[in-house]
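In the working numbering, the protein residues as written are 1 to 493.
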Amino acid sequence: MQDFIRIHENDSVAVALRPIAKGEQLTVGQYQVTTLEEIPQGHKFALKPIAAGGDVIKYGFRIGRAKEDIPAGGWVHVHNIKTALGELLSYTYEPIGSDLKESEHVYFDGYRRSDGKVGVRNEIWIIPTVGCVNSIAKALEAKAQKFVGGNIEEVVTFNHPYGCSQMSEDQENTRHVLADLIHHPNAGGVLVLGLGCENSNIPVLKEYIGEYDEQRVKFLQCQDVEDEQEVAMGLLEELAAYAGAFSREKIDAAELIIGMKCGGSDGLSGITANPTVGAFSDLLISKGGTTILTEVPEMFGAETLLMNRCETPELFDQTVKLINDFKNYFTSNHQTIYENPSPGNKKGGISTLEDKSLGCTQKSGSAPVKGVLPYGGQVKVKGLNLLSAPGNDLVASTALAAAGAQIVLFTTGRGTPFASPVPTVKIASNSKLAGYKDNWIDFNAGRMVEDRTKEEQAQALFDLVIAVASGKKVKAEEAGFHDMAIFKQGVTL
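Shown next as structure tokens:
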């Protein structure tokens with residue numbers, strides 16, 4: 001295993017890949033460095049003196065400015081570096097090309113739906129229109145387990161506290177996300193469970209759902225019947241009969257839509273896990289597939305890397321709006337746009353939002369940006385898409401599923417047990433986490449600094465994704481975890 005890494009030849013810092021003791025003498029390229037204090041794993045140390053106010057360079061880009069003189073060998077972290085981010089910026093489109101080439105197609109065993117969409121699971125989903133019926137939905141989920149078996153893989157309810165007492169854009173978020181999930185191809189059958197008096201009641205929600213297969217989607221307003229559970233179980237039996245007729249078939253991986261998200265990042269996330277996902281993204285796109293990158297606030301400081309990969313000026317303008325709309329969201333709520341990273345991120349070695357963002361955007365690989373989606377929007381074009389959503393793990397992962405992702409790849413340096421509406425592959429940035437939390441982690445990206453190249457890691461992750469798309473359960477599924485969260489932006493009445 002390597003002891004440290006200098007990511008880019010222009011970097012003024014290196015990253016410790018193991019704890020480095022005070023007084024160790026290290027040769028990093030042309031620099032001879034003696035560490036002046038202990039450097040924790042994932043943290044940075046200076047390769048040369050950095051003057052107060054000077055730029056600190058990592059990934060070949062500025063990740064902040066020194067708050068004081070930093071000597072060579074000094075620990076570089078929140079105590080002596082600060083963000084260099086400002087508020088709204090002006091951007092210039094400076095497009096860069098991509099040399100990504102087509103590669104041989106591969107196949108997985110999935111479910112082809114009547115509308116042509118492809119799912120990787122054949123589940124029955126119970127989707128409440130409002131939080132008032134959550135308990136009924138959970139009771140139905142328990143009773144409906146008798147339908148699991150054969151080609152019915154699971155019955156799941158996606159509870160949430162919304163659907164009423166919301167205003168304007170806040171209510172729109174709920175309606176769009178619920179409608180998106182109702183159409184999601186991982187569900188072979190859907191029961192939409194309403195109360196009857198809520199703002200987002202079933203007649204209103206149907207306007208957002210649009211056309212649907214009446215055999216696949218059933219509706220029940222609980223206030224309209226005497227025994228809602230008895231009626232619901234009858235509808236679920238009909239859905240089970242319909243969904244049970246589906247079976248897996250050979251499908252081109254070009255039909256895959258994979259969401260990409262990180263959370264609980266550490267100093268190795270941008271070195272191992274996120275670059276692995278980026279190389280995976282390029283590999284899938286080379287085979288005609290689609291990936292989605294989100295968590296817009298964690299693009300701040302690295303946004304120009306994505307803007308200049310936009311295929312057209314129109315996409316560039318949409319990406320500028322994507323960034324600035326989120327900055328305005330922060331400032332309109334009297335918050336600074338750079339109040340990030342989290343305490344866990346800092347403990348893992350991430351010092352500023354630029355540091356975090358440059359690591360985060362590694363997940364996008366090198367493919368051109370083909371689409372830019374609003375929150376609640378769905379993928380329309382193949383290739384790399386950018387999606388508006390916050391950094392919150394559950395909210396962003398739900399947004400990825402609502403946008404059409406059949407699987408979410410989630411990189412982490414700290415570990416997390418959460419799930420999303422779709423299979424969520426947990427990717428550890430370091431081997432210690434992968435071993436310690438084997439019940440959470442599906443893939444160890446830490447091997448990239450031990451015994452595998454990035455290309456080998458990307459292929460191994462690709463093979464795992466194909467297996468998951470073909471039915472292999474991820475750790476969160478084995479544990480029975482299924483979560484969802486909707487972006488809360490407005491007033492609650």
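For glycine and all other residues, C-beta sits at the position ideal for the given N, C-alpha and C.
In this text, all values refer to a predicted model and were calculated from it rather than measured experimentally.
**Message:** Taking 8 Å as the cut-off, does the stretch 150 to 157 touch the stretch 229 to 247 (at least 3 CB pairs, one atom from each stretch)?
**Reply:** yes
**Message:** Along the chain, where does the alpha helix (DSSP H) containing Gln229 start, and where does it finish?
**Reply:** 228 to 243
**Request:** In the DSSP assignment, find the unbroken beta strand (DSSP E) run with Cys262 in it and report its ends.
**Result:** 257 to 262
**Request:** Give the straight-line distance between the Cα atoms of Cys262 and Asp227, rounded to the nearest whole angstrom.
**Result:** 43 Å
**Request:** Please work out which residues of its chain come closer than 7 Å, Cβ to Cβ, to Arg113, disregarding the five sequence neighbours upstream and downstream, and give them in chain order.
**Result:** Gly119, Pro185
**Request:** May I have the straight-line CA-CA distance separating Gly54 from Leu353, to the nearest angstrom?
**Result:** 17 Å
**Asked** In three-state DSSP terms, what is Gly189?
**Response** strand
**Prompt:** Which whole-angstrom value describes the C-beta separation of Asp69 and Ala46, a residue pair presumed to lie in contact below a C-beta threshold of 8 Å?
**Reply:** No, Asp69 and Ala46 are not in contact; Cβ-Cβ is about 10 Å, not under 8 Å.
**Val320: first and last residue of the uninterrupted alpha helix (DSSP H) it sits in** = 313 to 332
**Asked** Taking Cβ to Cβ, would you say Gly58 is nearer than 8 Å to Asp3?
**Response** Sequence inspection shows Lys at residue 58; the Gly mentioned does not correspond to that position. It is not a contact, given that the beta carbons lie outside the stated cut-off.
**Request:** With a cut-off of 8 Å on the beta carbons, I'd call Ser388 and Pro368 a contact; round off their distance for me.
**Result:** Contact doesn't hold; Cβ gap of about 19 Å is too wide.
**Prompt:** Can you name, in chain order, every residue of its own chain whose Cβ lies under 6 Å from the Cβ of Gly270, other than the five neighbours on each side?
**Reply:** Gly359, Gln362
**Request:** Measuring alpha carbon to alpha carbon, tell me which of Leu384, Arg414, Leu433, Leu409 ends up nearest Val422.
**Result:** Leu409
**Request:** With DSSP collapsed to three states, give me the class of Ala396.
**Result:** helix
**Minimum C-alpha distance to Val277 - residue among Gly267, Val468, Gly259** = Gly259
**Prompt:** How should Asp266 be labelled, buried or exposed, when 16 other C-beta atoms within 10 angstroms of its C-beta is the threshold for buried?
**Reply:** buried
**Integer Cβ distance of Gly189 from Leu239, believed to fall under 8 Å** = 3 Å
**Prompt:** At what residues does the alpha helix (DSSP H) containing Arg175 begin and finish?
**Reply:** 168 to 182
**Prompt:** If you compare alpha carbons, which of Glu104, Gln32, Ala485 is closest to Gly73?
**Reply:** Gln32
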